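Engineer:
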Amino acid sequence: MSARGYPDVLRYPVMPTPVRITVLVFGLLSLLFALATAHRLLTEGGSLGAAVFFAVMTAACLLVTTALATRRAWAPFPAYALAGLLAAASLGLFGAITCVGAGLLAWVLWALNTRASRDWFGGRRRLR
Numbered sequence: 002m003s004a005r006g007y008p009d010v011l012r013y014p015v016m017p018t019p020v021r022i023t024v025l026v027f028g029l030l031s032l033l034f035a036l037a038t039a040h041r042l043l044t045e046g047g048s049l050g051a052a053v054f055f056a057v058m059t060a061a062c063l064l065v066t067t068a069l070a071t072r073r074a075w076a077p078f079p080a081y082a083l084a085g086l087l088a089a090a091s092l093g094l095f096g097a098i099t100c101v102g103a104g105l106l107a108w109v110l111w112a113l114n115t116r117a118s119r120d121w122f123g124g125r126r127r128l129r
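Just so you know, the sequence shown maps onto residues 2 to 129 in my numbering.
Written out as structure tokens, the structure reads:
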């Protein structure tokens with residue numbers, strides 16, 4: 002029989018929407034941290050310590066983005082750790098950034114623990 006009668010036979014499983022949104026969020030965060038790194042390096046009064054911090058955060062967000070997008074089984078764990086770190090770091094500011102940090106942590110915990118996401122990360126590694 003041809004694959005024409007079975008359209009899902011030779012396709013990879015589709016990335017669940019919560020995982021896709023999480024990948025986009027961490028990709029956007031890595032872009033923002035990269036811009037903050039460049040800003041700290043290019044301004045006259047910029048701190049080298051802050052530039053190093055932003056560069057490390059850029060690398061961490063890129064690691065999470067890449068791991069989630071490439072469907073690694075261990076990918077949710079660095080996402081949990083980084084979202085928790087950002088939420089904890091935002092607690093000292095007590096403002097809108099605290100809401101963003103707590104919201105990011107809540108989103109990551111929910112999005113990566115939905116059944117579709119768990120099945121997608123832990124599922125079979127072959128074509129459907």
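Ideal placement from N, C-alpha and C gives every residue a C-beta, glycine not left out.
Being a predicted model, the structure only gives us computed values, none of them experimental.
The alpha helix (DSSP H) with A51 in it runs from where to where?
Structural biologist: L49 to A70
Engineer: Grouping DSSP H, G and I as helix and E and B as strand, with all else coil, what is W78?
Structural biologist: According to the sequence shown, residue 78 is Phe rather than Trp. It is helical.
Engineer: Just checking, does the segment 25-33 make contact with the segment 61-71 on the three C-beta pairs under 8 Å criterion?
Structural biologist: yes
Engineer: So, at 8 Å on beta carbons, what are the nonlocal neighbours of W75 in its own chain, with the 5 sequence-adjacent residues on each side left out?
Structural biologist: A68
Engineer: If you drop the 5 nearest sequence neighbours on each side, which residues of the same chain put their C-beta closer than 7 Å to that of G85?
Structural biologist: L106
Engineer: What residue from N114, T99 and V53 has the CA that sits closest to F78's CA?
Structural biologist: N114
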